[in-house]
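Chains as they are written, first to last, in full-length UniProt numbering: chain A, 1 to 402; chain B, 1 to 279; chain C, 1 to 331.
From the three backbone atoms N, C-alpha and C, an ideal C-beta is built for every residue, glycine too.
Treat the numbers as computed from the prediction; the structure is a model and nothing was measured.
See below for the structure under consideration.
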Amino acid sequence: MADIVLDKVSKSFPDGTVAVRDVDLEIADGEFVILVGPSGCGKSTTLNMIAGLEDISSGELRIAGERVNDKAPRDRDIAMVFQSYALYPNMTVRENMAFPLRLAKLDKATIEQKVTEAAKVLELTALLDRKPANLSGGQRQRVAMGRAIVRSPKAFLMDEPLSNLDAKLRVQMRTVVSRLQKQLGTTTVYVTHDQTEAMTLGDRVVIMRGGAVQQVGPPQELYDHPANLFVAGFIGSPSMNFLHAAVEEETLRTAIGDVPLGDRIRRELAAEDAPRELILGIRPEHFEDAGLVDEQTRGRGMEFEAPVEIVESMGSDKYVYLTVEGERASAAELEELAADVGTDDLGGAGANLVTRLSAESTVTEGENRRIWFNLEKIHLFDPANGRNLTLHEGRAAGALAS
Amino acid sequence: MAAADTTAAAKWRWGLLDVVVVVFALVPVLWIASLSFKTTATLTDGNFIPREWTLENYRTIFSTSQFVRALGNSIGIALIATVVAVVLGTMAAYAVARLDFPGKKALVGVSLLIAMFPQVSLVSPLFEIERSLGLFDTWPGLILPYITFALPLAIYTLSAFFKQIPWDLEKAAKMDGATSGQAFRRVIAPLAAPGVFTTAILVFIFCWNDFLFAISLTSTERSRTVPVALSFFTGESQFEDPTGAICAAAVVITIPIILFVLFFQRRIVSGLTSGAVKG
Amino acid sequence: MRTETETETGTAAERSGRTGAVPAPRRGRTGRAGRAPLSEGKRAERRLGWLLCAPAALVMVAVTAYPILYSVWLSLQRFDLKFPDEREFVGLANYVTVLTNDYWWTAFGVTMLITVVTVAVELVLGMGLAVVMHRTIVGRGLVRTSALIPYGIVTVVAAFSWRYAWTPGTGYLATLFGEGAPLTERASALAIIMLAEIWKTTPFMALLLMAGLALVPEDLLKAASMDGATAWQRFTRVMLPVMKPAILVALLFRTLDAFRVFDNIFVLTAGANETSSVSMLAYNNLMRGLNLGIGSTMSVLIFLTVAVIAFVFVKLFGTAAPGSTDEGGRR
């Protein structure tokens with residue numbers, strides 16, 4: 001077991017392409033860290049550099065305090081779980097799991113004992129003599145994990161280990177991974193493009209985009225205090241709504257009404273080079289059916305009326321899709337996010353809002369409904385660089401902060 | 001569709017089609033086998049099934065050096081050409097499937113051209129070149145063109161196989177503590193072996209089958225292969241009909257093919273189709 | 001998938017070479033593509049690639065490129081091994097001789113006829129066989145195994161089998177169409193040659209087509225039948241278009257192969273009664289006539305014809321030769 005330190009680690013190609021740029025990251029011993037981002041963000045390259053499968057162009061990588069830049073993967077004593085599982089098809093489950101131990105020249109009895117133990121932990125005992133071809137996806141995934149844990153390495157690296165499973169199994173395996181990691185207490189670096197996995201699994205999440213780290217922090221912190229537009233849009237499901245907002249004297253003109261501004265934001269916007277246009281971000285769960293908001297809470301937010309397009313009842317709550325007139329927010333980050341999800345152009349004119357209302361709401365499709373939203377929870381972004389303007393010393397405090 | 005297929009009528013229809021295919025494919029083979037078992041007296045009775053059975057024809061051919069030498073030549077030449085072509089083909093196919101280097105497309109293009117090349121166009125120049133180099137009527141004189149024409153086949157088939165190998169396994173093995181050598185020996189080689197084996201069968205069949213080069217580039221028993229020897233069979237005396245002997249020899253050289261097909265049907269099919277279609 | 005064609009491989013190689021030098025358009029391509037040249041690892045990869053390909057490339061070029069050039073050189077000479085002293089450079093005289101010769105044009109016609117008829121019949125039969133091999137529910141293994149036998153069997157052996165089958169007295173087929181010796185009459189002899197060719201190579205065609213069939217998604221056929229397509233419509237409107245690349249490749253291979261027809265003719269008729277193919281004719285001029293000049297001229301002409309056929313397939317029909325667009329290297 002060991003800590004892993006990335007010190008200004010970069011990966012670039014001679015033609016100028018930079019896959020990973022100056023990544024600084026300290027992963028504590030026993031920590032579970034998630035690297036997350038859309039495809040092409042450099043997360044897998046980063047993982048491969050930690051593994052030793054790819055060279056580090058510049059910077060330093062230390063495992064347990066020792067510089068390992070030039071060490072072969074086999075000398076780093078870390079195990080990896082691949083997206084494709086990479087099980088050796090010509091070996092049985094037992095042989096697959098024993099493979100690293102045999103390479104390490106352990107004696108037969110020890111190998112047998114360790115394999116049996118790992119198989120028990122992962123409930124693979126009955127499958128030990130099968131070939132990978134005769135296993136289901138979930139079983140293969142467990143074998144891949146078994147092969148990783150069997151030799152008690154210094155760290156686990158996992159490259160999208162659950163993406164080849166179907167949705168239900170993925171949720172199930174998520175808890176298996178989580179429990180296993182806690183049980184073994186081994187430092188783990190886990191790569192995924194799925195923000196739900198990132199939120200649910202990690203002690204800390206590293207969000208990457210275009211080869212650079214955007215923000216590092218515990219899941220809740222990333223959710224509550226996103227440093228920029230990209231992080232705000234990436235974390236949370238359904239994603240945050242973004243609206244175009246024009247800066248007026250003391251308010252922001254938006255499609256859902258004029259949003260009042262607190263002192264701090266106003267001071268910031270008074271600066272010479274401050275943007276005149278902003279992007280307003282509101283998470284779906286910070287809307288509510290105006291009829292269900294009590295008097296006390298009502299004061300913290302504001303209301304607007306909008307036609308209801310679709311109502312999806314989830315049982316516990318309702319997803320309500322609204323259409324509002326006005327310009328749609330635009331920024332490079334948003335386009336990238338949309339491209340990643342595959343929803344380039346939905347909704348034509350006007351903007352669509354996704355809201356998550358209480359199950360008690362009687363909202364119906366086609367009607368005009370009054371909707372309330374919480375001003376303390378909104379975020380404002382500078383479209384030019386994506387910076388979250390409501391952040392103050394790493395804390396977001398909405399539009400009204402003073 | 002599946003539902004309709006399982007009805008008894010459909011089964012019969014498919015069964016009937018199967019029978020047609022099997023008969024169509026096997027009749028000429030059975031016919032030549034039948035001829036080879038016929039006695040000289042019944043050879044010309046035109047009966048599909050021999051009235052009198054004999055092994056005389058086999059005894060005859062195995063007592064003539066004409067056939068035995070040719071069989072030795074066929075086996076030796078085909079084996080050597082296969083081994084060399086598969087080794088060279090494996091190297092090239094690995095490079096084509098796994099490495100990025102300028103000239104790769106040219107290599108693939110050249111081998112494609114050769115696959116389509118009319119062999120007869122090479123016969124005249126090779127005849128002249130081999131005569132001046134002293135390769136005419138020798139084993140190497142046949143092995144060389146065989147390797148050349150087998151290589152495109154080997155490269156296609158093998159690179160298709162190699163592309164299917166999940167190369168993540170190599171990384172996985174390295175993470176599991178293997179050296180590059182160990183990763184190759186314990187993980188990649190066992191996976192590549194079936195492809196190499198299949199390719200070897202296909203290449204062997206190709207070399208075993210050749211007639212044009214064998215008849216053009218040989219002149220004596222020294223390097224004549226069985227297909228050529230067959231066409232020169234005359235029987236023991238000038239007046240004896242060589243039919244029985246020819247058929248017996250034909251059956252002998254068909255046996256390895258039948259064995260390959262029986263045991264490795266699946267592999268041959270996958271080898272032929274992967275190389276040609278998946279590219 | 002396969003959009004580039006065989007003749008474009010050269011330029012395609014150049015193109016991909018060039019893109020290596022231009023900075024990739026999008027930043028943040030993750031490492032694996034690593035298309036930039038000249039890093040140490042890349043250079044080592046190139047060296048290894050060349051090293052591994054060199055032996056195969058050398059053998060192939062040495063045994064084909066040099067002889068074909070030599071053959072062009074020989075074709076420009078009077079060179080008869082029976083009169084070695086009269087060897088001299090005669091320019092295109094040999095070509096004039098061959099191209100004004102009736103035997104050549106007869107053989108050319110025979111070869112074309114055999115090629116067209118056998119490939120057409122094989123396409124139909126092969127498609128049928130492919131469907132049977134692909135879909136049959138009883139004895140699939142048996143069918144596939146039997147179908148492979150004609151493919152694997154030595155052509156000369158098969159040819160002997162057909163020859164004896166049609167030999168009067170000996171053969172079970174000899175009296176099928178009344179008395180007479182079918183192999184000694186031109187029309188029937190040609191028909192038998194084609195039958196032998198078709199028997200031998202239909203399985204190969206079928207295998208290639210079967211691989212194409214396997215590419216037709218089952219769901220697509222289901223969707224088509226839901227949309228109201230009959231079995232025939234499903235075949236022509238759904239399967240054939242999807243299989244088109246596979247069909248064209250199979251046709252290309254078989255056409256070029258059929259054009260080389262030699263073994264069957266050699267055994268069945270030895271070219272008697274104007275049943276010679278061009279290969280047979282070239283062989284006879286060379287090995288029987290020992291006329292290297294004329295033989296080489298024919299070789300060159302055959303080579304050119306094959307090149308034209310390949311060109312027609314690739315350019316006009318857009319056949320993508322297998323492997324030519326091979327993206328390789330991507331892992």
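Check: Interface flag, Glu128 of chain B vs chain C, CB-CB below 9 Å; Outcome: yes
Check: Where the beta strand (DSSP E) through Asp7 of chain A begins and ends; Outcome: 4-12
Check: Limits of the beta strand (DSSP E) - the one that Gly281 of chain A falls within; Outcome: 277-282
Check: Closer than 9 Å at the beta carbon, the chain B residues around Trp104 of chain C; Outcome: Neighbours of Trp104 of chain C on chain B: none; closest Cβ ~14 Å, over 9 Å.
Check: Among A:Val189, A:Gly217, A:Asn228, A:Leu127, nearest to Ile78 of chain A - alpha-carbon criterion; Outcome: A:Val189
Check: Residue range of the unbroken beta strand (DSSP E) whose run includes Trp372 of chain A; Outcome: 368-374
Check: CB contact check: Asp100 of chain B to chain C, cutoff 9 Å; Outcome: yes
Check: Where Ala167 of chain A falls, given that 16 or more other Cβ within 10 Å makes a residue buried; Outcome: exposed
Check: Reduced DSSP secondary structure (H/G/I, E/B, other) of Leu252 of chain A; Outcome: strand
Check: Inter-residue spacing [alpha-carbon to alpha-carbon] between Asp85 of chain C and Arg224 of chain B; Outcome: 30 Å
Check: Within chain B, partners of Glu45 of chain C - CB distance below 7 Å; Outcome: Leu99, Asp100, Phe101
Check: Selection from C:Ser296, C:Val63, C:Leu190, C:Ala189 that minimises the alpha carbon distance to Glu130 of chain B; Outcome: C:Val63
Check: Whole-angstrom distance between Ala154 of chain B and Asp85 of chain B, CA atom to CA atom; Outcome: It is Ala, not Asp, that sits at residue 85 of chain B in the sequence shown. Roughly 7 Å separates the two Cα atoms.
Check: When A:Glu54, A:Asp294, A:Ile378 are compared against Phe13 of chain A, the one with the closest alpha-carbon; Outcome: A:Glu54
Check: Three CB pairs or more closer than 8 Å across the segment 104-114 of chain B and the segment 67-82 of chain C; Outcome: no
Check: When C:Gly141, C:Thr170, C:Leu113 are compared against Thr40 of chain B, the one with the closest alpha-carbon; Outcome: C:Thr170
Check: Amino acids of chain A, ordered along the chain, whose beta-carbon sits closer than 8 Å to that of Lys163 of chain B; Outcome: In chain order: nothing, as chain A lies at least about 15 Å away.
Check: Bridge-paired residues (DSSP) for Arg209 of chain A; Outcome: A:Ala212
Check: Residues, ordered as in the chain, of the segment 268-294 of chain C that lie near chain B by beta-carbon distance below 7 Å; Outcome: Ser279, Ala282, Tyr283, Leu286, Met287, Leu292
Check: Contact with chain A by Arg267 of chain B, beta-carbon distance below 9 Å; Outcome: no
Check: Cβ-based burial, Gly398 of chain A [other Cβ within 10 Å; buried from 16]; Outcome: buried
Check: Thr198 of chain B to Leu43 of chain B span [Cα, whole Å]; Outcome: 39 Å
Check: Segment limits, alpha helix (DSSP H) that includes Leu30 of chain B; Outcome: 8-37
Check: Residue 407 of chain A, enclosing beta strand (DSSP E) - first and last residue; Outcome: Within the shown structure, residues of chain A are numbered from 1 to 402, placing residue 407 of chain A beyond reach of any answer.
Check: Three-state secondary structure (DSSP) of Glu122 of chain C; Outcome: helix
Check: Assigned exposure category for Gly271 of chain C - 16 Cβ within 10 Å defines buried; Outcome: buried
Check: For Asn273 of chain C, the three-state DSSP class (helix, strand or coil); Outcome: coil
Check: C-alpha gap between residue 406 of chain A and Leu99 of chain B, whole angstroms; Outcome: Absent from the structure is residue 406 of chain A, since the part of chain A shown begins at 1 and ends at 402.
Check: Any C-beta of chain B under 9 Å from that of Ala181 of chain C; Outcome: no
Check: Range of the contiguous beta strand (DSSP E) that encloses Asp317 of chain A; Outcome: 317-324
Check: Chain B residues whose Cβ lies nearer than 7 Å to that of Ser84 of chain A; Outcome: Pro166, Asp168
Check: Counted within 10 angstroms of its Cβ, other Cβ atoms place Lys182 of chain A as buried (16 or more) or exposed; Outcome: exposed
Check: Proximity test, Cβ basis, 9 Å: Asn90 of chain A and chain B; Outcome: yes
Check: Beta-carbon neighbours of Arg144 of chain C, restricted to chain B and to distances below 7 Å; Outcome: Gln265, Val269
Check: Sequence-distant residues of the same chain with beta carbon closer than 8 Å to Gly152 of chain C, five excluded per side; Outcome: none
Check: Contact with chain B by Ser188 of chain C, beta-carbon distance below 9 Å; Outcome: no
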